[in-house]
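A short worksheet on the structure shown next.
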Amino acid sequence: MGKAIAGVTKLGLFKLRYQLLAIGLVLLSLPYLGYRFIEATSDLLQQSQSLAQKQVARSLANLFVQRPELLLQLPELSKQQPMLFVQRINHTKTIDGSANDWQDEMAQASEFRSPNDQVHYTVTLGKIDQQLIGKIQVYDQHWLSPDTFSSSRLQSDHLRLSYIDRQQQEHHLLLFGKPNGSVQIHQTNSQGSDISPHQLNQFDLQANMQLNGEGYMLEWQMPLALMGERQLLRLAIVDTDEAGGTPKVLSTQGPETAGYTALNTLSNQAMALLAGQQEGPLSVTLYDQQLNRLAHTGHVPSQGFDTWNWQFSDLWQQVATSLLKQIMSSTNPVQGEANLSRPRLLNLALAGITIQDRWAQPNSQGIQATAMPIINDQQEILGVVLVEQGIDQLLQLQRQAIEKVVVISLVSISFILLSLFLLFWRLAQRIRTLGKHTHALVDEYGRVQSASLKYATHSQDELGDLARGIAQVMTRLQSHQHFLSNIPRTLSHEIKNPLNTISTSLGNLSTELAESPSREYLNAAQRGLYKIEGILNKLASAASLEQALQQEPKERIDLAHLIDCYCAYQTQVDPLVQYQGPSQGIYLSAVDYRLEQALDKLLDNARDFRINNTPIIVGLHQQGTWATVTISNQGPSICAKQAQHLFHSMTSQRPEAKQGGAGHFGLGLFVVRTICEHHGGKVSWQNLPDEQGVVFSMRLPVQI
Amino acid sequence: MNHQPCIAIVEDDKDQRQNYVRALECMPVQVLAFADKHSALQALTQQRPDLLILDIILGQEYDGGFNLYSQLNRQYPDLPVLFLTERVGEIDQVSGLRMGAWDYQPKPITIDYFIAKIESLLRLTRNSNSSQESNQITCGQLLIDLDRRHLFWQQQPLSEFTMTEFTMLEYLARRPGQVLTYQQLGQATFGGCVENNTISTHISNIKRKFKALDGDFNNIISEYGQGYRWRN
């Protein structure tokens, strides 16, 4: 742990790391809490639903215990024998030979196989609006068209449909499918020896056949009114695998006379009893000991994910649906498929076990079912009550809740992410601004211009700590800088008294030793004293130059005239000083003698570094609102290393021989730079082409 | 019988004080030397000196010289004073001049210049006390009363000129139109060669004091690179 910075406020919970931690925890916990809530609610609802369903099943079972005669109306069937089974369907089917609109009824399909599995097909029957609709899927990879044999259609693949009408007369229809889907219907006698086109009108019977990957499917529709009260029906598939082969016939072989199956197995009394007891969206089916359906009421509405009304884009909908399916499958597992679960349930119930199960249904999300055995006082099992209930509603609520949680979570996370982004963007901006303000406190030469940091010092967070820390450091640096800058003045001040003592002592000694040969030593001492005084004055003057400049008023002067006059006089002293520029007409606001001082320094510099007997060129030109004074000399060039500190105080590149006793402390270019900057300008240097010398430039703003 | 002028020196540094006294022994003057403010005040309230030479820092008292002069000035309003001090800041100079000091001389000083300065001040003292007509020169609108060390511009008195500035202005005004180099001005004013910038700073101060009285003053012309000249 580092030491706390003095004066820095302890921030506690306001610290950024705690703020970020709090935001992160909220971000993480939001979807999890929502998920847990939904899961708990879902469990509760499922348990409630299961309990309620079991109560319904029990009450119905008890009801039928009191009416055992309703369960004993049908002849006993072999449990091994499949039978035709008519379902109540809720929507009409398109007779197109396709299974697309049979998804809800597929679970109730009856399967027929020949002993040697040579012929195999499934039959699904449905009843709606006094119409019987049927679908046969024949699993036969070698379908032979009736058109193949012009002599005898009976040797091609076809369906034989027989029924008994109200007058107890048998009718035998032959349905021949064609590759284009059309079906030709013929009628024949019981021996099948006389074939003639069916004469019924188009509303009597419609059929369509389509070949598919497994064989072919034949779909038909006929009015139930064609059949008698018991609706006796027999179906048979005729399969011929090769031309001239013997057709194989596999009939449904129902329990009635001549192999008919009575489609209407339902007991009207049982139906009425169930209808009176049924409440809500339940499907209740009553089975006898042979699992014949005796009565059925209600239905389980199908509803799937696809019916969700998302308001988002298709892509988003796909992603969301996929995501939700994953979630739903983990929170609402189903134990199997309908065609496996329902028989298992019924068989267990027949064994005297009350059982509940859930399973998936094609194109639907799930069924919850309770199978309750009907047991009389003698402990005989009379039948089974099967109560089925869609868990759509429950799942719908769950889905809606999850949808809301997902949406709210996404919105919340987006909001939090946006907040975090804004927070960090703001933080970054503040750090940058603090950096700029801090940078502005120090000039390019590393001098602290001001210790007053005017940004973020009142903030209560870590940035405020940082700003206050920087301000404290700057104050210390400025104090130290002030101490350093005062050293020459302090030194000058403190040393002047002893210097005065020496000076006056030497003066008196000089009077006394006026004629003495030792006077030459006295004179040397006086010269040394004079040099020391010069050094002190220069140091003190340079140290207080900026302060002095601030107190000196600027005037409008003609820079061209100043330099022209200045150079004219310099040329008298040193003819190699040449001026190249206008003699008047470039005005600026300046302290003239300070510009003279700067020129003195640059000219001294050029004289010291030039090659003997080479000219020093002083130039002046105006470009826009800037005037540039150049002083160039031939001589050694300046290397990059020297240039780094060229304009710093007390930096000299002069060779030792030219240092002199009291002359040069590397203050000249520092003075030039300070004067230039005071006038809003800048001083720079450049080596002459071919490294033949150096040119210094003072760039000053002109006054138009 | 000639009256010997009395020069009082207040300097806390023993060596410097002795050197001043020793240097003045060659002059026909009476010298009173004091090491501190208290002894000086006690003696000088009894005897008025003709010239007072004061260090500003006396012992532990940072403004001891100023305080001593302030007390003596109440008793002797026209007492000529030379501040001879290591404090060379402009604020100190202005403070001293505003209190009525005749000159403000920074240390270190050479004995020759010290004696010349004393002689000059004594001459001024004598002349200012004389009832005879003052020695004056006129240069355009500038009137210089050399004896009383008074300056007038457009008949308005100019004040707060140090002896250095007075001498420099006199040197310029006596040679109107003539370019006086930095070396000449340094020699005339300081008795030797000084930095050009030192001369320029004094000229700037002189101009500022003229402009305080006359905003259009433009009679001291900069001859860039050489020096200055007075223009009538």
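These protein sequence lines are chains A and B, in that order.
Its first residue numbered 1, the first sequence is counted upward by one per residue in the working numbering.
Its first residue numbered 1001, the second sequence is counted upward by one per residue in the working numbering.
Backbone N, C-alpha and C define an ideal beta-carbon position, used for all residues, glycine too.
Quick one: using the 10 Å Cβ neighbour count with 16 as the cut-off for buried, is residue i buried or exposed?
i	result
glutamate 105/A	buried
phenylalanine 424/A	exposed
glutamate 242/A	exposed
asparagine 605/A	buried
arginine 673/A	buried
glutamate 76/A	Residue placement at glutamate 76/A is flagged as unreliable, the pLDDT there being 44, under the threshold of 50; the coordinate-derived value follows with that caveat. Exposed: under 16 other Cβ atoms inside 10 Å.
lysine 1014/B	exposed
serine 709/A	A query on residue 709/A cannot be resolved here, the shown segment of chain A reaching from 1 to 704 and no further.
valine 26/A	exposed
glycine 390/A	buried
glutamine 1178/B	exposed
glycine 304/A	Unreliable positioning characterises glycine 304/A in this predicted model, as indicated by a pLDDT of 46, which lies under 50. A coordinate reading is not provided.
glutamate 1086/B	buried
leucine 161/A	buried
leucine 417/A	exposed
glutamine 311/A	Unreliable positioning characterises glutamine 311/A in this predicted model, as indicated by a pLDDT of 48, which lies under 50. The coordinate reading is nonetheless provided below. Flag for glutamine 311/A reads exposed.
Thinking just about the alpha-carbon of each residue, which of the options is nearest to the one in residue i?
i	options	result
glycine 507/A	Arg527/A, Asp239/A, Arg358/A and Glu677/A	Arg527/A
alanine 590/A	Gln580/A, Gln168/A and His679/A	His679/A
leucine 211/A	Leu463/A, Gly181/A and Ile611/A	Gly181/A
histidine 172/A	Ser459/A, Tyr260/A and Gly666/A	Tyr260/A
methionine 271/A	Val284/A, Ala262/A and Ala52/A	Val284/A
asparagine 90/A	Gln108/A, Ile128/A and Ala22/A	Ile128/A
serine 452/A	Thr122/A, His437/A, Pro115/A and Ser459/A	His437/A
leucine 669/A	His648/A, Leu688/A and Pro689/A	His648/A
glutamate 380/A	Ala349/A, Val405/A, Lys404/A and Glu388/A	Ala349/A
alanine 1101/B	Tyr1069/B, Arg1175/B and Ile1137/B	Tyr1069/B
histidine 1003/B	Pro1028/B, Thr1201/B and Tyr1062/B	Pro1028/B
valine 442/A	Ala471/A, Glu533/A and Ile416/A	Ala471/A
valine 238/A	Ser190/A, Gln290/A and Ser156/A	Ser156/A
valine 1088/B	Ile495/A, Arg519/A, Cys567/A and Glu552/A	Ile495/A
arginine 489/A	Ile164/A, Ile416/A and Ile535/A	Ile535/A
leucine 1172/B	Met1163/B, Thr1045/B and Arg1229/B	Arg1229/B
glutamate 229/A	His186/A, Gly177/A and Gln169/A	Gln169/A
proline 373/A	Gly366/A, Ala360/A, Asp357/A and Ile353/A	Ile353/A
isoleucine 185/A	His158/A, Gln167/A, Gln191/A and Ser193/A	His158/A
arginine 1123/B	Lys1207/B, Asp1050/B, Ile1206/B and Gly1215/B	Asp1050/B
Is residue i near the ligand NAD, judged by its Cβ being under 6 Å from some heavy atom?
i	result
isoleucine 1206/B	Ligands in the displayed structure: none, and consequently the ligand NAD is not present.
Residues in the region 1008 to 1021 of chain B having any Cβ partner in chain A nearer than 7 Å: Here the close residues are Asp1013, Asp1015, Gln1016, Asn1019 and Tyr1020.
Using 8 Å as the cut-off, can you tell me whether the region 467 to 483 of chain A makes contact with the region 1068 to 1084 of chain B, which would need three or more C-beta pairs spanning the two stretches below that distance? In short, these stretches do not touch, since the Cβ pair count stays below three.
Inter-stretch contact at 8 Å, needing at least 3 Cβ pairs: the region 526 to 541 of chain A / the region 1137 to 1155 of chain B: No: fewer than three Cβ pairs fall under 8 Å.
Can we say the region 131 to 142 of chain A touches the region 216 to 223 of chain A, given the rule of at least three CB pairs closer than 8 Å? Contact holds: three or more Cβ-Cβ distances are below 8 Å.
Residues, ordered as in the chain, of the region 1098 to 1132 of chain B that lie near chain E by beta-carbon distance below 8 Å: Among the protein chains in the structure shown, which are A and B, there is no chain E.
In chain order, which alpha helix (DSSP H) runs of at least 4 residues are fully inside the region 369 to 455 of chain A? As far as the region 369 to 455 of chain A is concerned, its whole alpha helix (DSSP H) runs of at least 4 residues are 392 to 441.
At what residue ranges does the region 1151 to 1207 of chain B contain a whole run of the alpha helix (DSSP H), taking only runs of 4 or more? Correct list: 1163 to 1173 and 1182 to 1190.
Could you please tell me which residues of the region 1055 to 1083 of chain B, in chain order, have their CB closer than 8 Å to any CB of chain A? Close to chain A, meaning a Cβ-Cβ distance shorter than 8 Å, is no residue of the region 1055 to 1083 of chain B at all.
Between the region 515 to 532 of chain A and chain B, which residues of the former have CB atoms less than 7 Å from a CB of the latter, in chain order? Within the region 515 to 532 of chain A, no residue qualifies.
Would you say the region 33 to 41 of chain A touches the region 401 to 412 of chain A, given that touching needs at least three Cβ pairs under 8 Å? Using a Cβ-Cβ distance cut-off of 8 Å, the region 33 to 41 of chain A and the region 401 to 412 of chain A are in contact, since at least three pairs of beta carbons, one from each stretch, lie closer than that value.
Counting pairs of Cβ atoms below 8 Å between the region 503 to 510 of chain A and the region 1008 to 1028 of chain B, do you hit three or more? Here the region 503 to 510 of chain A lies against the region 1008 to 1028 of chain B, with 3 or more beta-carbon pairs under 8 Å apart.
Using Cβ-Cβ distances below 7 Å, what residues of the region 490 to 510 of chain A are close to chain B? Here the close residues are His493, Lys496, Asn497, Leu499, Asn500, Thr501, Ser503, Thr504, Ser505, Gly507 and Asn508.
Which of the residues in the region 579 to 612 of chain A, read from start to end, lie with their CB under 7 Å from any CB of chain B? Residues of the region 579 to 612 of chain A with a C-beta less than 7 Å from any C-beta of chain B: Asp592, Tyr593, Glu596, Gln597 and Asp600, listed in chain order.
Which residues, taken in chain order from the region 1210 to 1227 of chain B, show a beta carbon closer than 8 Å to some beta carbon of chain A? So the close ones are Ser1222, Glu1223, Tyr1224, Gly1225 and Gln1226.
By the 9 Å beta-carbon criterion, what residues does the region 1150 to 1175 of chain B contribute toward chain A? So nothing in the stretch comes that close.
Any chance the region 602 to 620 of chain A sits against the region 1021 to 1033 of chain B, with 3 or more Cβ pairs inside 8 Å? With the cut-off at 8 Å, the region 602 to 620 of chain A and the region 1021 to 1033 of chain B do not touch.
For the pair the region 1065 to 1073 of chain B and the region 457 to 467 of chain A, tell me if three or more CB-CB distances fall below 8 Å. By the Cβ rule, the region 1065 to 1073 of chain B does not count as touching the region 457 to 467 of chain A, because fewer than three pairs are nearer than 8 Å.
Given 8 Å, three or more beta-carbon pairs between the region 685 to 700 of chain A and the region 617 to 632 of chain A: Look at the beta carbons and you see the region 685 to 700 of chain A touching the region 617 to 632 of chain A: at least three pairs across the two are nearer than 8 Å.
Runs of alpha helix (DSSP H) lying entirely within the region 457 to 495 of chain A, each at least 4 residues, in chain order: As far as the region 457 to 495 of chain A is concerned, it has no whole alpha helix (DSSP H) run of at least 4 residues.
The region 226 to 235 of chain A contacting the region 252 to 262 of chain A, beta-carbon criterion three pairs below 8 Å: Counting C-beta pairs closer than 8 Å gives three or more between the region 226 to 235 of chain A and the region 252 to 262 of chain A, which meets the contact rule.
Could you tell me which whole beta strand (DSSP E) segments of length 3 or greater appear in the region 157 to 242 of chain A? Taking only runs of at least 3 residues, the beta strand (DSSP E) segments lying wholly in the region 157 to 242 of chain A are 158 to 164, 170 to 177, 183 to 188, 206 to 212, 215 to 223 and 232 to 239.
Contact the region 560 to 569 of chain A vs the region 1156 to 1174 of chain B: 3+ CB pairs below 8 Å: Three or more Cβ pairs closer than 8 Å define a contact, and the region 560 to 569 of chain A falls short of that threshold against the region 1156 to 1174 of chain B.
If contact means a Cβ-Cβ distance below 9 Å, which residues of the region 1022 to 1042 of chain B contact chain A? Answer set for the region 1022 to 1042 of chain B: Arg1022, Ala1023 and Cys1026.
Taking one C-beta from the region 588 to 603 of chain A and one from the region 1197 to 1208 of chain B each time, how about it: are there three or more such pairs within less than 8 Å? Proximity of the region 588 to 603 of chain A to the region 1197 to 1208 of chain B meets the contact definition, three or more beta-carbon pairs being nearer than 8 Å.
Members of the region 542 to 570 of chain A near chain B, C-beta cut-off 9 Å: Answer set for the region 542 to 570 of chain A: Ser544, Ala548, Gln551, Glu552, Pro553, Ile557, His561, Leu562, Ile563, Asp564, Cys565, Tyr566, Cys567, Ala568, Tyr569 and Gln570.
Please go through the region 243 to 276 of chain A and give each complete beta strand (DSSP E) segment of 3 or more residues, from N-terminal end onward. Runs found: 248 to 251.
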